[in-house]
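Comments concern the structure below.
Residue numbers (the numbering used here): 2 to 133.
Encoded structure:
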């Protein structure tokens, strides 16, 4: 299937849902982040970065640029997963383990989708102009 709008991409839609879940989690857990410095803001920014980099890469003119931004989005998925591991080990988040695990699995799923798309683009015979 050829996509003409990033809004129609399943991985972009999943990343928007993920960002929404992260914001809901951080809002509900706001008091728990009190002694963790900028960690709340960092996971929110990393989550938002996923969908933004998918969108920006999609709007670029070539597969090379798209792939570059998809790698950045994957990196942001990794950052979110890393933060969830840290949160899971913080005693004040003990009651949030299930929510943290759900966020981690969601970020992992998005990362897998991005990896598959990147590999598909890299093995494509289409060069130069963007081909999605």
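Every residue, glycine too, gets a C-beta built ideally from N, C-alpha and C.
Any idea what DSSP makes of residue i, helix, strand or coil?
i           : result
residue 125 : coil
residue 30  : coil
residue 5   : coil
residue 35  : coil
residue 23  : helix
residue 12  : helix
residue 103 : helix
Smallest Cα separation from residue i: which of the options?
i           : options          : result
residue 93  : 119, 13, 36      : 36
residue 44  : 57, 72, 30, 65   : 30
residue 123 : 49, 91, 64, 40   : 64
residue 27  : 85, 71, 117, 119 : 85
residue 58  : 102, 118, 125    : 118
residue 82  : 47, 62, 99       : 47
Roughly how far, in whole angstroms, is the beta-carbon of residue i from the beta-carbon of residue j, given that I think they are within contact range, below 8 Å?
i           : j          : result
residue 7   : residue 73 : With a Cβ gap of about 15 Å, residue 7 and residue 73 do not count as contacting.
residue 115 : residue 71 : 5 Å
**Request:** Count the CB pairs spanning the stretch 101 to 115 and the stretch 14 to 23 that are closer than 8 Å, and state whether there are at least three.
**Result:** yes
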